[in-house]
Amino acid sequence: MIQIREATLDDIPFITSIFRDTIVHINAKDYSEKQIKVWSSGADDIEKWEERIKNTYFIVAELKDNIVGFAYLTKGCYFDGLFVHKDYQRRGIATKLMQIIESKVIDNGYEVIKSDVSITALPFFEDQYYDVEKKQKKNLKGLAFENYLVSKAL
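Per this note's numbering, the sequence shown runs over residues 3 to 156.
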């Protein structure tokens, strides 16, 4: 049974491990080795993770007391991150996290949720009725990353 709760600072080692491992093992099929190295290095910025947990709506999914995924919301309606442990993909964890994030957006008084999603995540978001607003290139540490701006009316 998946349990969802708000993240704490004590969760950071588990969150950063999931972030890095998911990018290295799951997103690697859609991005270059150099892009994967740069993107996954974001796990090392502990101050940024602390700031996210303190200043955003940040939730984790637990299965048998192990964190197996996380999601966070910024600006009240921007779905800023969704990651599921590489060994727990396709078990409904991302869907459950997404549903809670979407409920929070409604509670915050917004009618539309937006997100920038990777090539890898796009099929999942489309399956959850998100529409592609545009294909875009984002710059991270001097490298261009293709992704998609998606939105969904709630």
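No residue lacks a Cβ here, since even glycine has one placed at the ideal position from N, Cα and C.
Residue i versus residue j - alpha carbon distance
i, j, result
"P125", "I115", "17 Å"
"V26", "E113", "34 Å"
"K56", "L75", "12 Å"
"D47", "F72", "17 Å"
"I108", "K39", "36 Å"
"Y33", "I103", "27 Å"
"Y59", "E8", "8 Å"
"N29", "E128", "17 Å"
"V70", "S42", "17 Å"
Local conformation of residue i per DSSP, three classes
i, result
"L156", "coil"
"Y131", "coil"
"R7", "strand"
"K76", "The sequence shown places Thr at residue 76, not Lys. Correct three-state label for T76: strand."
"N29", "helix"
"D118", "strand"
"Q138", "strand"
"E148", "strand"
"Y112", "coil"
"Q37", "helix"
"K98", "helix"
"R93", "coil"
"K143", "coil"
Residues near residue i by beta carbon distance below 7 Å, same chain, minus five either side
i, result
"Y131", "K154"
Beta-carbon gap between residue i and residue j smaller than 9 Å
i, j, result
"I20", "V86", "yes"
"K98", "I4", "yes"
"L151", "S117", "yes"
"I17", "E64", "no"
"E148", "K139", "yes"
Chain-order list of residues whose beta-carbon lies under 8 Å from that of residue i (same chain, five-residue window excluded)
i, result
"G78", "V107, N110, G111 and Y112"
Self-check item: Minimum length 4: unbroken alpha helix (DSSP H) runs contained in the stretch 40-85
Solution: 48-57
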